[in-house]
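Encoded as structure tokens, the structure appears first; notes follow it.
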């Protein structure tokens, strides 16, 4: 019997090795740690309000959200003896929420091949226009034959997003004044009515709003003089909500699928209160649950399904092999479904104006080649925050061919050298200056067989002290031990940008690569690297070019993501929770482009319900229009070009036409 | 008329009644409002809520009132679905007919949110500044408070809007800003049988301050972007150590503090040994100078409500409204002493010209308010040396100082002890003309 510990992804091993105090601190402050925490740790049992109680977690309160890969998709009998919750299966994968201490027990099951932690999700940061904007022109979102696509009637538009869904916004009301939202599942709600058993899945957390609840709130709001969204209140009701804007583009009355039904899943991720993240999960297992929920809901209602996810992950191999990629691809094998994903806003390399900080988001990818054994390649990794200290955990993953063997060393800003760390070796939380450094050098990742190196810079979280990570340049040196191919790719795990931690009075800032080390392409988010998802770039429609912030492809394994570009710059749609005097707002980002494709995919499904996600992807690729100066070949920023909705609908209508030749 | 004063930490909170009509004057802080005010107002009706200006010690309590209103309306909804629904923890709030308030968003309709965001950003950068520099320290504190109160004002206005609680704001001015109009164009205001005259702010003041805000926005934007450029330069410099980066940040923040357009802060005011100078208008913050100020009159009785306004502006407003006599004096029954009795807002000229039977101070020693120099200036205007004394005959009568906070529950009791011993001395000197009340409970000022 192999060592079950070997089946755990190294992040899980790192957490298991950490002390309770370290993990507790990790779960509350510093960006990547908060991200990790939420993916990894949550003292779920503690009372939400009492800070003093919150300071004394017990080991058994530390839960992690994991994906369990099995050989056969059969239940894992070992989970029965643990406190595992949210055990939900799809194909060979299961998700579960499990005490950190029980992970090893589950790994010991014979049919378990490996266990990975949910990937942290990051909140989208679209650019929001200042001031009032005129309402959207609904005519620009209309194509094809309304008799055929019926504006998405018979389709469910599923929105997995953040910020809250303003279901009573006029953009979502039907002729009777009722909302077109049929369900909202608020994953972060405590003490609510969870969806419960939905098809094969038991979704026993959060709160599910029914259409009757929402309609009653709309009716009563006029009598009681309270906004409907206060009467049936979600955990997030942010002014100018992201999720409301996204839904409005895909399915608002002035949007694309204006006769479709809408369902929302609100992921518990907010930029507002960082300390609250400690108690919430917001990782890729939550996306998996959201997909299950929407799939089952569409099934029960007899609707076709087009899902939009304008959220992202940056971890993992960017080759579609992560658990969430596989989960969604598996769900998309059934006809009548499509999933659109925002490519990400990490396209920008340099500032365009003195105040412009977009480049910080853009410098997240590096790539290169270690020329031969005995030679080195350096990667310059800058951790400086905004000139204000960075108390976030910074994380870098480097992936390379299983043919090769690299050692890795790290030079701190003050010149101290850590390593070299050879394949199969690791260093755990070594104190360097004010920073704790962890380096792992692993071979043959179970998901894709590739080799990978992970480096974590963790701020000093000793009791009462919060010191930022040592500012300056950290130099990662890859040392060729045995080189046959030599190529590598590295990504910085995104953390919060400019989020303020009220506990420490400090800011979270992402780290980035130097101009020399940064490589412009392959910055597309890992969620968008899935095989069958539609990865969408941000087209500046008026200027007929790709917005510089839009992430580029290809995937690490060379596939053509993004697939397509759709309007995502200065898009006017519903302004969530702002009231009748301020109904519309302009936003820019791939978050706005993705729901455009989601809506068009919805229309295609309305025309032909038996379309598969692969066919929809094929039609989108076939019909897209190259941007001025471009050819029909795939481009790393625009994909196959500008989405052509009218042609998409025409192709969808005739996809089954066959003519037998005489 | 009836005037009740509530204990409200270091803030203002009063209730004025006339002929069964009721007006709440400011809300004090949230905690004091929930503890001492809301239970007393529960189940009643407020014909008007008057918020003098956006500072925390005036607006917080009103936000708490609005919160409670939301909670109870949501509860009414819940109870229909579930008879066992738990009522909110707060007592049921009074109903509110209208609000008088010049909100930040109405004041700066084009860019209120941008300015609010910029203040918050500036405040956070200033936090990195050298805390040992007294002036920088004050600038930083000022921005922190400002960021909070601006946000709260925008928030309050939003919650009162027709989409939300649907409570009328400044209906007499068609929802516009309230300011002193030309004599012919002034809108009559009433509370029951009491006639209310607006005496501040003036249109000019609001306009000047609007211009100042916009200038501030431009300058702070430029500085913030410089801080960021510096950060980027630092990032390029491979040899830069963490210490150097911190030094750069601190320097940039100090620089920001020195460039910022805020009142010309008087450092001497921080030195307890130095004599306090009265009436320095530059020391009064922009929101304070924009205070809504009212003179309420009924059956020969009068109450002057001054918010955190400045003496000169009050005098000017009274003059414009034709409320001063030929010698430029006015005697009222109650003067709500401006700005918690801060020395910056009071002048000896004001103390001599505007006299009262009852002087109401709202303050608990926070920021050393009420200031002893202010109390002395007022007392001396009544029984001091001839050149200090008011010339108005009406000022020859008895008078009382009222304090809405008791020294032993206050965090600032040291200062209140000083105030109390000064008051005892003054009473002794006053030949029984002066008295004071410092009970710590809510109290009614006789009218």
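Chains as they are written, first to last, in my numbering: chain C, 664 to 1325; chain P, 24 to 470.
All C-beta atoms in this analysis are idealised placements derived from N, C-alpha and C, irrespective of residue type, glycine included.
Quiz item: Is there at least one non-hydrogen atom of the ligand HEM closer than 7 Å to the beta-carbon of residue 930 of chain C?
Solution: Although the ligand HEM was asked about, the structure shown includes no ligands whatsoever.
Quiz item: By the 10 Å Cβ neighbour count, where 16 or more other Cβ atoms means buried, how is residue 837 of chain C classified, buried or exposed?
Solution: exposed
Self-check item: Residues within the segment 85–119 of chain P neighbouring chain C, beta-carbon criterion of under 7 Å
Solution: 93, 96, 97, 99 and 100
Quiz item: How is the alpha helix (DSSP H) around residue 62 of chain P delimited, first residue to last?
Solution: Per DSSP, residue 62 of chain P belongs to the alpha helix (DSSP H) from 61–64.
Quiz item: Hey, how far is the Cα of residue 821 of chain C from the Cα of residue 671 of chain C?
Solution: Cα to Cα, the separation comes out at about 33 Å.
Self-check item: Range of the contiguous beta strand (DSSP E) that encloses residue 459 of chain P
Solution: 457–460
Practice problem: Inspect the CB distances between the segment 807–816 of chain C and the segment 917–924 of chain C and report whether three or more fall short of 8 Å. | Solution: yes
Practice problem: Could you tell me whether the Cβ atoms of residue 31 of chain P and residue 55 of chain P are closer together than 8 Å? | Solution: For residue 31 of chain P and residue 55 of chain P, yes; Cβs fall inside 8 Å.
Quiz item: Rounded to the nearest angstrom, how far is the Cβ of residue 436 of chain P from that of residue 386 of chain P, given a contact under 8 Å?
Solution: The C-beta distance from residue 436 of chain P to residue 386 of chain P rounds to 13 Å, too long to fall under 8 Å, and the pair is not in contact.
Self-check item: Residues sharing a beta bridge with residue 608 of chain C, DSSP
Solution: The shown model of chain C, from 664 to 1325, leaves out residue 608 of chain C, and the question about it has no answer.
Quiz item: Taking the alpha helix (DSSP H) that residue 124 of chain P falls in, what are its first and last residues?
Solution: Taken as a continuous stretch (DSSP letters only), residue 124 of chain P belongs to no alpha helix (DSSP H), as it is neither H nor E.
Quiz item: Do residue 1080 of chain C and residue 1137 of chain C come within 8 Å of each other at the CB atom, strictly closer than that value?
Solution: no
Quiz item: Given residue 61 of chain P, which residues of its chain have a CB within under 8 Å of its CB, disregarding the five upstream and five downstream residues?
Solution: 87, 88, 91, 113, 114 and 116
Practice problem: Starting from the beta carbon of residue 889 of chain C, find every residue of chain P whose beta carbon is closer than 8 Å, and list them in chain order. | Solution: 93, 96, 97, 100, 187 and 188
Quiz item: Just the Cα atoms here: how many angstroms apart are residue 100 of chain P and residue 877 of chain C?
Solution: Our two residues, residue 100 of chain P and residue 877 of chain C, have alpha carbons roughly 12 Å apart in a direct line.
Self-check item: chain C within 8 Å of residue 126 of chain P, Cβ atoms only
Solution: Proximity of residue 126 of chain P to chain C, defined by a Cβ-Cβ separation below 8 Å, is not satisfied.
Quiz item: How do the segment 1252–1259 of chain C and the segment 836–852 of chain C stand: do at least 3 beta-carbon pairs fall below 8 Å, yes or no?
Solution: no
Quiz item: Just checking, does the segment 360–371 of chain P make contact with the segment 301–310 of chain P on the three C-beta pairs under 8 Å criterion?
Solution: yes
Quiz prompt | Backbone CA spacing between residue 710 of chain C and residue 853 of chain C [nearest angstrom] | solution = Low confidence applies here, because residue 710 of chain C scores a pLDDT of 32, under 50, leaving its location unreliable; read the following figure in that light. Each residue's Cα considered, the two are about 11 Å apart.
Quiz item: In chain C, which residues lie with their C-beta within 8 Å of the C-beta of residue 184 of chain P?
Solution: 1242 and 1244
Quiz item: Ordered along the chain, which non-local residues of its own chain (more than five positions away) have a Cβ less than 6 Å from that of residue 121 of chain P?
Solution: Excluding residues up to 5 positions away in sequence, 71, 191 and 194 lie with their Cβ nearer than 6 Å to the Cβ of residue 121 of chain P in the same chain.
Quiz item: Based on the DSSP output, what are the partners of residue 997 of chain C in its beta bridges?
Solution: None, per the DSSP bridge assignment.
Exercise. Alpha carbon to alpha carbon, how far is residue 239 of chain P from residue 141 of chain P? Give it in angstroms, no decimals.
Key: 9 Å
Practice problem: Compare the C-beta of residue 894 of chain C against all C-beta atoms of chain P and say whether one is closer than 8 Å. | Solution: yes
Exercise. Just grab the DSSP bridge partners of residue 732 of chain C for me.
Key: C/756 and C/777
Exercise. Specify whether the segment 1200–1213 of chain C and the segment 1272–1286 of chain C touch according to this definition: at least 3 beta carbon pairs, one from each stretch, less than 8 Å apart.
Key: no
Quiz item: In the DSSP assignment, what residue or residues form a beta bridge with residue 1267 of chain C?
Solution: Bridge partners of residue 1267 of chain C: none, in fact.
Practice problem: Flag residue 962 of chain C as yes if its beta-carbon sits less than 8 Å from any beta-carbon of chain P, otherwise no. | Solution: no
Quiz item: Does any CB atom of chain D fall closer than 8 Å to the CB of residue 883 of chain C?
Solution: The displayed structure is made up of protein chains C and P, and chain D is not among them.
Exercise. Return the residue from the list P/464, P/439, P/405 and P/415 that minimises the CA-CA distance to residue 452 of chain P.
Key: Here the closest residue by C-alpha is P/405.
Exercise. Provide the residue(s) that pair with residue 873 of chain C in DSSP beta bridges, ordered along the chain.
Key: C/846
Quiz item: Going by C-alpha distance, which of P/444, P/372 and P/46 is nearest residue 217 of chain P?
Solution: P/46
Self-check item: For residue 831 of chain C, the first and last residue of its enclosing alpha helix (DSSP H)
Solution: Run containing residue 831 of chain C: none; DSSP gives neither H nor E here.
Quiz prompt | Where residue 296 of chain P sits in the DSSP three-state scheme | solution = Because residue 296 of chain P carries a pLDDT of 48, less than 50, the predicted location of this residue cannot be relied on, and no value is offered for it.
Self-check item: Per-residue DSSP class, three states only, for residue 1250 of chain C
Solution: Three-state DSSP puts residue 1250 of chain C in a strand.
Quiz prompt | Beta-carbon proximity check, residue 880 of chain C vs residue 895 of chain C, cutoff 8 Å | solution = For residue 880 of chain C and residue 895 of chain C, yes; Cβs fall inside 8 Å.
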